[in-house]
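Peer 1: Numbering (the numbering used here), first residue to last: 291 to 688. In this text, a Cβ means the ideal position worked out from N, Cα and C, and glycines have one as well.
(1) Can you round the beta-carbon distance between residue 577 and residue 593 to whole angstroms, since I take them to be within the 8 angstroms contact cut?
(2) Taking the C-alpha atoms as reference points, what is the distance between residue 407 and residue 654?
(3) Go to residue 298, then tell me how far its beta strand (DSSP E) extends in each direction, as first and last residue.
(4) Residues in its own chain within less than 7 angstroms of residue 490 by CB, not counting five upstream and five downstream?
(5) Are the CB atoms of residue 429 and residue 477 nearer to each other than 9 angstroms?
(6) Taking a contact to mean a Cβ-Cβ separation below 9 angstroms, would you say residue 455 touches residue 471 in this structure?
(7) Would you report the Cα separation of residue 364 and residue 617, rounded to the nearest angstrom?
(8) Relative to the C-alpha of residue 438, which candidate in 340, 346, 480 and 341 has its C-alpha closest?
(9) Mapping DSSP to helix, strand and coil, what is residue 489?
(10) Which of the three DSSP states, helix, strand or coil, is assigned to residue 592?
(11) Assuming residue 430 is part of the beta strand (DSSP E), what are its boundary residues?
(12) Buried or exposed: residue 299, going by 16 or more other Cβ atoms within 10 Å of its Cβ?
(13) Do you know how far the Cα of residue 496 is from the Cα of residue 503?
(14) When burial is assigned at 16 or more other CB atoms within 10 Å of the CB, is residue 309 buried or exposed?
(15) Per DSSP, what kind of secondary structure is residue 545 in: helix, strand or coil?
(16) Can you name, in chain order, every residue of its own chain whose Cβ lies under 6 angstroms from the Cβ of residue 368, other than the five neighbours on each side?
(17) Determine the burial state of residue 631: buried for a count of at least 16 other Cβ atoms within 10 Å of its Cβ, exposed for fewer.
(18) Leaving out the 5 sequence neighbours to the left and right, which residues in its chain are closer than 8 angstroms to residue 652 when beta-carbon positions are compared?
(19) The beta strand (DSSP E) that contains residue 307, what's its start and end?
(20) Please determine if the region 449-464 and the region 657-671 are in contact, where contact requires at least 3 C-beta pairs separated by less than 8 angstroms.
(21) Residues in its own chain within less than 6 angstroms of residue 629 by CB, not counting five upstream and five downstream?
(22) With DSSP collapsed to three states, give me the class of residue 464.
(23) Going by DSSP, what residue range makes up the alpha helix (DSSP H) through residue 556?
(24) Would residue 544 and residue 584 be called neighbours here (beta carbons separated by less than 9 angstroms)?
(25) Please classify residue 373 as buried or exposed, where buried requires at least 16 other C-beta atoms within 10 Å of its C-beta.
(26) Under DSSP, the alpha helix (DSSP H) around residue 577 begins and ends at which residues?
(27) With DSSP collapsed to three states, give me the class of residue 484.
(28) Would DSSP call residue 562 helix, strand or coil?
(29) What is the rounded straight-line gap between the Cα of residue 673 and the Cα of residue 353?
(30) Where do the N-terminal and C-terminal ends of the alpha helix (DSSP H) with residue 386 fall, by residue?
(31) Once DSSP output is grouped into helix, strand and coil, what is the label at residue 603?
(32) Going by CA-CA distance only, name the one from 601, 550 and 412 that's closest to residue 532.
(33) For the alpha helix (DSSP H) containing residue 408, list its first residue and its last residue.
(34) Per DSSP, what kind of secondary structure is residue 570 in: helix, strand or coil?
(35) Roughly how many whole angstroms lie between the Cα atoms of residue 492 and residue 658?
(36) Where residue 411 and residue 403 are concerned, what is the direct C-alpha to C-alpha distance, given to the nearest angstrom?
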């Protein structure tokens with residue numbers, strides 16, 4: 291009579307276990323391996339099968355005909371595709387928390403920008419051409435500067451789609467920006483006019499009357515027209531020192547070959563753009579005629595601060611041509627005579643502007659509001675459905 295064994299050694303782990311650990315699933319045979327090793331082997335087998343299945347699936351998905359079928363289905367069911375992505379974001383947001391979710395999104399967005407510079411150029415151009423984005427930027431900047439902002443979006447569109455108030459052009463994107471005729475006032479309809487980018491920069495913080503008079507003055511001084519001179523339209527300034535110009539040039543990696551004596555000889559001359567002379571209340575500085583070159587003796591001229599800021603990086607001929615357009619558009623208009631004292635400076639400090647601390651607090655509040663709206667957005671299942679449908683409809687319109 292065969293003796294029944296009470297224990298057995300597993301052929302896999304080589305450990306001895308009671309016989310009940312070697313009974314198979316069907317309870318009809320004694321196995322060579324223990325129950326624990328059988329479970330481990332079973333799991334490994336399932337993973338091997340899964341890896342094999344995935345490999346076959348990847349090969350099938352890579353076939354052109356399969357890609358075409360999938361792409362066709364995605365296009366025909368884009369609301370489902372959009373819903374799938376939004377559901378994924380909702381789960382991710384819930385798992386990570388809003389702070390970590392946004393941090394990872396920002397890192398991913400940066401990687402995309404770094405890897406797609408050409409697409410970023412187009413994306414930035416699209417933003418510049420989007421009226422709603424531009425309107426929001428004006429509104430946000432007005433808030434930072436503590437300026438009144440009462441123009442509606444419709445007011446904004448009505449203004450920027452008009453020709454530039456100063457030179458009468460429309461920019462290539464199909465609309466202009468906004469200029470506040472009186473920089474001491476905010477964004478109210480009666481103070482806002484359509485303005486192209488170049489005119490907006492040339493005008494700076496001066497009033498519209500002063501800017502138009504400056505145009506006539508410079509064109510007259512340059513013998514382009516027979517007009518009037520308005521020297522009072524150009525504010526007085528003290529010039530910066532030779533060493534300051536040199537330090538700036540070094541910082542900007544610009545060639546700087548003029549000597550201290552050259553510098554003082556040059557600034558003794560009248561401004562080459564408007565003719566403003568030096569006196570007890572004013573000293574001219576220097577301007578690089580061609581901003582692509584450095585501070586070379588044949589590339590610098592005496593220039594007052596107002597004209598220097600106004601010229602910026604523009605070519606001399608481009609400025610003169612722009613001024614001719616402005617003069618032709620306004621030569622028959624009567625300018626006010628009582629706005630010169632406070633509005634003849636191209637750069638005016640806004641003392642009402644929020645402090646850095648106030649701006650930081652404002653952005654923190656806005657950030658928290660946006661985070662709350664993000665969580666609310668992805669917790670709204672009906673809203674997700676509507677948004678998915680909207681995305682699909684917009685895609686079909688393209």
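Peer 2: In short, the structure shows the following:
(1) Within the chain shown, the letter at position 287 stands for residue 577. Within the chain shown, the letter at position 303 stands for residue 593. Sure, about 4 angstroms apart at Cβ, within 8 angstroms.
(2) Taking the chain shown and counting its residues from 1, one reaches residue 407 at position 117. Taking the chain shown and counting its residues from 1, one reaches residue 654 at position 364. Spanning the two alpha carbons is a distance of roughly 30 angstroms.
(3) Here residue 298 is taken as the residue at index 8 of the chain shown, counted from 1. Note, residue 298: beta strand (DSSP E), 297-299.
(4) In the chain shown, residue 490 corresponds to position 200, counting from 1. Only 467 and 469 meet the Cβ criterion.
(5) Position 139 of the chain shown holds residue 429. Position 187 of the chain shown holds residue 477. Yes, Cβ-Cβ distance for residue 429 and residue 477 is below 9 angstroms.
(6) Indexing the chain shown from 1 puts residue 455 at position 165. Indexing the chain shown from 1 puts residue 471 at position 181. In this structure, residue 471 lies closer than 9 angstroms to residue 455 by Cβ.
(7) As a first step, residue 364 must be located in the chain shown, where it is residue number 74. As a first step, residue 617 must be located in the chain shown, where it is residue number 327. Roughly 57 angstroms separates the two Cα atoms.
(8) For the purposes of this step, residue 438 is taken as residue 148 along the chain shown, with counting starting at 1. Ranked by Cα distance from residue 438, the options 340, 346, 480 and 341 are led by 480.
(9) Sequence index remark: in the chain shown, residue 489 carries index 199 (1-based). In the structure shown, residue 489 falls within a helical segment according to DSSP collapsed to helix, strand and coil.
(10) Counting from one through the chain shown, the residue named residue 592 turns up at place 302. Strand at residue 592.
(11) Here residue 430 is taken as the residue at index 140 of the chain shown, counted from 1. No beta strand (DSSP E) holds residue 430; the alpha helix (DSSP H) holding it covers 421-434.
(12) Position 9 of the chain shown, counted from the start, is the residue given in the question as residue 299. It counts as exposed.
(13) Here residue 503 is taken as the residue at index 213 of the chain shown, counted from 1. Here residue 496 is taken as the residue at index 206 of the chain shown, counted from 1. Each residue's Cα considered, the two are about 11 angstroms apart.
(14) Here residue 309 refers to the residue found at position 19 of the chain shown. By the 10 Å Cβ count, residue 309 comes out exposed.
(15) Sequence index remark: in the chain shown, residue 545 carries index 255 (1-based). In the structure shown, residue 545 sits in coil (DSSP, three-state: anything other than H, G, I, E or B).
(16) Stepping through the chain shown from its first residue, residue 368 is reached at position 78. 682 and 685, listed in sequence order.
(17) Here residue 631 refers to the residue found at position 341 when the chain shown is read from its first residue. Residue placement at residue 631 is poorly supported in this model, since its pLDDT is 47, which falls under 50; the coordinates still yield a value, given next. Counting Cβ neighbours within 10 Å, residue 631 comes out exposed, since fewer than 16 surround it.
(18) Walking along the chain shown from the start, residue 652 turns up at place 362. 433, 434 and 644, listed in sequence order.
(19) Numbered from its first residue, the chain shown carries residue 307 at position 17. Bounds of the beta strand (DSSP E) holding residue 307 are 306-308.
(20) Fewer than three pairs of CB atoms, one per stretch, sit closer than 8 angstroms, so the region 449-464 makes no contact with the region 657-671.
(21) On the chain shown, residue 629 is found 339 positions in, with the first residue counted as 1. With a pLDDT of 47 at residue 629, under the threshold of 50, the predicted position of this residue should be treated as unreliable, though the coordinate-derived value follows. Cβ within range, chain order: 497 and 499.
(22) For the purposes of this step, residue 464 is taken as residue 174 along the chain shown, with counting starting at 1. In the structure shown, residue 464 sits in coil (DSSP, three-state: anything other than H, G, I, E or B).
(23) If you number the chain shown from 1, residue 556 lands on position 266. Counting along the chain, residue 556 sits inside the alpha helix (DSSP H) bounded by residues 550-557.
(24) As a first step, residue 544 is located in the chain shown; it is residue number 254 there, counting from the start. As a first step, residue 584 is located in the chain shown; it is residue number 294 there, counting from the start. Contact check for residue 544 against residue 584 passes: the beta carbons are separated by less than 9 angstroms.
(25) Within the chain shown, numbered from 1, the residue matching residue 373 stands at position 83. Buried is the call here.
(26) Within the chain shown, numbered from 1, the residue matching residue 577 stands at position 287. No alpha helix (DSSP H) holds residue 577; the beta strand (DSSP E) holding it covers 575-578.
(27) Residue numbering aside, residue 484 sits at position 194 when the chain shown is read from its first letter. DSSP places residue 484 in the strand class (E or B) of the three-state scheme.
(28) Here residue 562 corresponds to residue number 272 of the chain shown, with the count starting at 1. In the three-state reduction of the DSSP assignment, residue 562 falls in the coil class, being assigned neither a helical nor a strand state.
(29) Position 383 of the chain shown holds residue 673. Position 63 of the chain shown holds residue 353. Note on geometry: alpha-carbon atoms of residue 673 and residue 353 lie some 36 angstroms from one another.
(30) Translated into positions along the chain shown, residue 386 becomes position 96. 368-386 is the extent of the alpha helix (DSSP H) around residue 386.
(31) Within the chain shown, residue 603 is the residue found at index 313, counting from 1. Residue 603: coil per DSSP, three-state reduction.
(32) Reading the chain shown from its first residue, position 242 is the one you call residue 532. Answer by Cα proximity: 550.
(33) Your numbering for residue 408 matches position 118 in the chain shown. Taken as a continuous stretch (DSSP letters only), the alpha helix (DSSP H) holding residue 408 covers 407-418.
(34) Counted from its first residue, the chain shown places residue 570 at position 280. The three-state reading of DSSP puts residue 570 in coil, since its state is none of H, G, I, E or B.
(35) Taking the chain shown and counting its residues from 1, the one referred to as residue 492 is at position 202. Taking the chain shown and counting its residues from 1, the one referred to as residue 658 is at position 368. Going by the C-alpha atoms only, they are around 38 angstroms apart.
(36) Translated into the one-based positions of the chain shown, residue 411 becomes position 121. Translated into the one-based positions of the chain shown, residue 403 becomes position 113. Those two C-alpha atoms are separated by around 10 angstroms.
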